[in-house]
Structures are given as C-alpha cells and as structure tokens.
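Residue numbers (the numbering used here): 237 to 821.
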C-alpha cells in the first residue's frame, strides 16, 4: 500500500513554485471586493516579503505570530510566511472583541501580530506589522535566513471554547499537518490532479487548515470574502463562474446553500453532526462525492471519514495512521463507549496549560510506546461493518451551527457582570430557529447581551436571556434543568405599524423564519431569536421576492426592521435585476 506523504508542507509549496511558477495559486478579494488571480510565483514573493518584515521585528524559529487579517491574499501569505521562519501562526479574527484578542495574544505568548488595522488591543503583549503598508517589491538583494524545521515543531495554535471560562489554545505540530494532508491523499479524498478549492471556513477554526493548505500541493485556492460567504445566491454563482471543484461546509451552511448550488462539487461536510434527512438528501445528490469528516481540533482537523451513502449518518472509519479506540469507563474496549484517538495527528496539547493538557491527553495503553491518545468526550457506537456512529457528548460541550461551544465559558462571562449572581447556559431546539443558546440568569441585567458581546465572539452570544428570581434545584442541590422555563422571546413592539411595501415584505419574511406574527418596524431581528443561519434565509427570501442582492451582514448592521427596510429600498433603487451568475467576477 502506498505510504502516507509526510514531507513538510512548506517544502511541497516551494516545489510547486519551482515547477509551476505561472500556475494560479489563489483567487482572493482585494480591498474593493474584486477577486484578482495570483500566481504561485507572485504568492511566493509576497510570502518572502512578509517573512523578511517579521524577521526585522525579531521573529525567530519557534515563535508565535498572530495573524489578524481579513480574507485577502495577505492572509494566506502570512500563514506561509510564519512557517518560512520556522514560527507558528495564531489566527486572531478581526471581528472578535478587543478583550478577546488581547487575551489570546497573552495566552499564546505571541511575539508579533500581522494586521491591517490601527488601535491594537494586544499592544502590551506583542509588536505589530501593518501588512497593508508594506511594499510589494521582491527581496532581490536580501536573503531570508535558512530554517530547517523538524516535524515536531509547532505549526499553529487555534483557540477553542473553554469549559472553565478561558479559551484553550490547541498547539499542533508541522508533522501533524503534513500527516493530515497525506492521509487524505492516501484515501483518495484529495485527487491527484490539481483542483480548485473554495476556502470557506474562518481561519480561526481548524477546518480552514485543510482548505488553505491545499495550495501547498498545487491546488488553486478560491478565498471566499466575508460578504460573499453570507449571500447564498451570489456565492453559488461565484463558485460556478470560478470553476470550483471542492467545497468544505458545515451541514448548517449547506442547508442554506443547497438550493442555489447547481454545479457538481466534491463536498466535504463536517463541523457538526449531519441530520438524517440531510444525509439522505446528500446521498441522493448527483455528481461527485460527498464525504462526512469527523475530528476534534486536538487531533488536527480530521480523524475519520465516511462516504455519504445509504440512509443513516455515520462518522465512518479512521483515516490512515489514525488509531481509534472505543473504551468504557474502565478504559476497556467496548462496542459503545467514549472515543479516544491516537496517532501522528494528535496535538501537542493546550499551550501554557499543562494541567488541562494532562486531563485530555492520556498515555496510549494500547500502543504502550510512550505516545498519547486524546479523550474526545464523544460517545460512539461501532457497527458490525466497522463504521462508527456518533451518539452524543459525555460532557456539556455542544455544537451550534458548526461552532464548538463550552457553555461554561459563556457562564463565566455572565458571572463577571456585577449584578449577576448565578448563570446557566443551555442549548434549546426551537422548531423555527433550530438549535440556539439560552442564558438563564439571576440578578438585574439591563444590557446583558451587550455585556457578553463585548467579551465573546458573536457565535458565543446567547440568542435569549431569561431572568429568574432563583434557580430550581434538585434534592441534592444541583441545577434542575428540567424545571427551567421554556425560553421567552421578547414581546414584539406594536408602537409602530408596518407601513411600506418593503417593510411588509420583510415583516412577512421574519414571521416565516422566526415562526411569529405581528412583527413591528421597531423589532430587532436578533432580539426576536434570529441568528446567522436565519439571516441567510432572510437575505435569500428578499432576493427571491424583490430581486435585491443583500448580504447577511446587512442584517447584523441593521437588525431593526425599519432600518433594514430602508437599506433594502436603497438597494432596490440602484441594483439591476440579478443575472444567473450574479456575483461572478
């Protein structure tokens, strides 16, 4: 059987640059939201330019480099530039609150941050390189230091939600990333011929790694801009116009895209469990394969894979090189139990947190060679045919719209409010809104939503805040979850009636997606229980009924119905009827 390719990915990138310098490496939006094409030679020159600037700032082998950039060419170039110096990158989403970014820089011990903004919240922790102010001149008279890295050196640190209130920085090695790509190639999920791969996930999430590193093996990366990503119709047209062959999506995002995408695509589905109905729809879908990928951040993105066929969802079998153990409470093999993962993809641990690392990364009793296995917290069942089914969690961790969430982190932010004396955050399955987060709290809490939003990323902000006089308790004093009230969504305001035609249309759309009636022009979409997925449905419905191309970001910027209607009316007056390939470059 063919061996897994384990050559360092930067070396593979350099080989492609040497052999195919004029081939297309990346298509990415510029500041004007155009999508210029960049060759491998041009990308390599920008990588070296950024690496030289980091070197001037003192970045050396083994250092941590923060990357706080929008989705443009310099984002991809910066990740490779950190590797060029033997450093590791730490993604820092520009949309995150400043306090969160500062905490990440401090926890990861970031030396330098690459950014295009002013007013850096991490100033006390790291220096700043403004990549938008650097010239594009090649390094004709300057040589970068030669750095030879080993597979065990860090490649990146990506932060995940933490159950104690502090996010965990998962440190992954260069060898682990090389093994990921090699194992996906070995099983045929990455074809031998060059592909055109859509980079869909945020760089702050580990799913992005398996998308952008495709450039290191000679594929073309199509970097989707933030506005394009939130407009299903435009995104579908753009993917079609740019000849995309591969798309990585969460089940939630695909459900918003499915009706708009008409071209054949290889779909890589992951990030959350695939609902049975969606599994059957994907299995019946014509065209190239769809595959379900499973794996925690702590095991370098993907650990198992399953072709999406048949009636019932499965997470499949381990990828080559991955050892999967299903163990009971006594760490004995069982058909149903907790899943433990071992092999070259296991991360180094949580950066700067040896205690938490020791809790989840255990000695591998099967291999008994000093290596470690990761305790996933996922309950699985192994079917007679060897495929594994996902059953649920052993702890409180939840997945909401593709995001891995520890309710304890949100509770800690709530309890930091001076007037909140108790807090509990729970998932709630709403028939219209899907899975949402509900915050129950004891204590006065005016402006509590804003308080949380100032401290946590948007995906960690609960949809509903419910104030209680006190928490119900069981006989042994624990929170009685079954006795908590059903979430109460804010009452709608009837101080202003819906008047204009556009307002009435948006009110109808909101009523459909939120399962409500009597929506007022003063109502706030998110206060009524809206979230990012429902915002996609809102913009799709507005486009279908009015022919107006609207990004879901507009819903975030103008959540009040009156304000959104004004924006839609402005666009309706200026936009021509969209073509079939609207949004294509």
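Positions of the beta carbon are idealized from the N, C-alpha and C atoms, including for glycine.
Collapsed DSSP secondary structure at residue i in the structure displayed
i	result
residue 629	strand
residue 635	strand
residue 310	helix
residue 363	strand
residue 404	strand
residue 358	coil
residue 778	helix
residue 660	strand
residue 276	helix
residue 768	helix
residue 615	strand
residue 293	coil
residue 254	helix
residue 560	strand
residue 348	strand
residue 537	coil
residue 409	strand
Buried or exposed (CB count within 10 angstroms, at least 16 for buried), residue i
i	result
residue 238	exposed
residue 302	buried
residue 767	buried
residue 423	exposed
residue 375	exposed
residue 415	buried
residue 775	buried
residue 604	exposed
residue 647	buried
residue 628	exposed
residue 368	exposed
residue 606	exposed
residue 255	exposed
residue 500	exposed
residue 556	buried
residue 645	buried
residue 711	exposed
residue 436	buried
residue 356	buried
residue 384	exposed
residue 446	buried
residue 781	exposed
Extent of the continuous alpha helix (DSSP H) to which residue i belongs
i	result
residue 435	Counting along the chain, residue 435 falls outside any alpha helix (DSSP H), though it belongs to the beta strand (DSSP E) covering 432 to 435.
residue 500	Premise fails: residue 500 is in no alpha helix (DSSP H) and is neither H nor E.
residue 593	590 to 596
residue 451	It is not in any alpha helix (DSSP H) - residue 451 carries neither H nor E in the DSSP assignment.
residue 488	487 to 493
residue 512	512 to 519
residue 801	797 to 810
residue 741	737 to 750
residue 643	643 to 651
Own chain, CB closer than 6 Å to residue i, minus 5 neighbours either side, in chain order
i	result
residue 658	678, 707
residue 418	240, 241, 242
residue 404	396, 398, 586
residue 564	570, 573
residue 280	253
residue 431	455, 481, 482
residue 788	466, 771, 772, 775
residue 639	695
residue 246	319
residue 664	672, 674, 723
residue 440	327, 329
Same chain, Cβ closer than 8 Å to residue i, neighbours up to 5 away in sequence not counted
i	result
residue 498	472, 476
residue 512	547, 548, 549
residue 380	284, 287, 288, 291, 320, 321
residue 731	Any answer about residue 731 is weak, because its pLDDT of 44 lies below 50 and its placement is not dependable; what the coordinates show is given next. Answer for residue 731: 756, 758, listed in chain order.
residue 728	Low per-residue confidence applies at residue 728: pLDDT is 49, beneath 50, and the placement is therefore not dependable, though the value from the model is reported in the following sentence. The answer, listed in chain order, is 752, 754, 755, 756, 759, 764.
Same chain, Cβ closer than 7 Å to residue i, neighbours up to 5 away in sequence not counted
i	result
residue 295	301, 321, 323, 347, 348
residue 406	393, 394, 396, 533, 534, 583, 586
residue 508	486, 487, 488, 635, 638
residue 525	502, 543
Range covered by the beta strand (DSSP E) that runs through residue i
i	result
residue 300	300 to 304
residue 670	670 to 678
residue 327	324 to 327
The ligand FMN heavy atom lying under 7 Å from the CB of residue i
i	result
residue 439	The ligand FMN is not among the ligands present in this structure, which contains no ligands whatsoever.
Any chain C beta carbon closer than 8 Å to residue i
i	result
residue 615	Judged by its chain identifiers, the structure shown contains no chain C, having just a single protein chain.
Per the contact definition of three or more C-beta pairs closer than 8 Å, is the segment 609 to 624 in contact with the segment 543 to 551? yes
Do the segment 333 to 343 and the segment 250 to 269 touch if we need at least three Cβ pairs shorter than 8 Å? no
Is the segment 649 to 669 in contact with the segment 678 to 697, if contact means three or more CB pairs nearer than 8 Å? yes
Contact between the segment 795 to 805 and the segment 736 to 743 is defined here as three or more beta-carbon pairs at a separation below 8 Å; is this criterion met? yes
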